[in-house]
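Before any comments, here is the structure.
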Amino acid sequence: MENKELNLNTPSLLTESKFKNSKIVLANQNQLSLTGVSKVIQSTETVISVILSGQNVDITGTKLTVNKLDVENGILEANGVITEIKFAEKKQKENIFKRIFK
């Protein structure tokens, strides 16, 4: 069983989160374990979207199921065929004057 680990301990990823560290472990492309989860945005059979250490993370695949969710401790465990883990930074709020005077 091969584990792929990614530690997200860089300061740029620590904004707006109660968790300072996060960890992603993907085993055999079908067992996923996350720490540092502060919110689950969406969970379907094809997409799981979470806030992980202040950053939006989308996990896509097929037959995705959340087996364990403990937001108080920041833990999420899921199974399914995971095809992509995508990180997206939160959009900065644009100044109202910039929006008006484009």
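In numbering that gives the first Met the number 0, the protein residues as written are 0 to 101. The beta-carbon is built from N, C-alpha and C at its ideal position, and this holds for glycine as well. Remember, predicted model here, so these are calculated numbers, not experimental data.
Since I50 and I40 should fall inside the 8 angstroms C-beta cutoff, what is the C-beta to C-beta distance between them, to a whole number of angstroms?
7 angstroms
Limits of the beta strand (DSSP E) - the one that F86 falls within:
74-87
For K19 and L63, I'd like the C-alpha separation in whole angstroms.
27 angstroms
Rounded distance between the beta-carbons of V56 and F86, thought under 8 angstroms
6 angstroms
Residue range of the unbroken beta strand (DSSP E) whose run includes Q41:
36-42
Based on the DSSP output, what are the partners of K67 in its beta bridges?
E76
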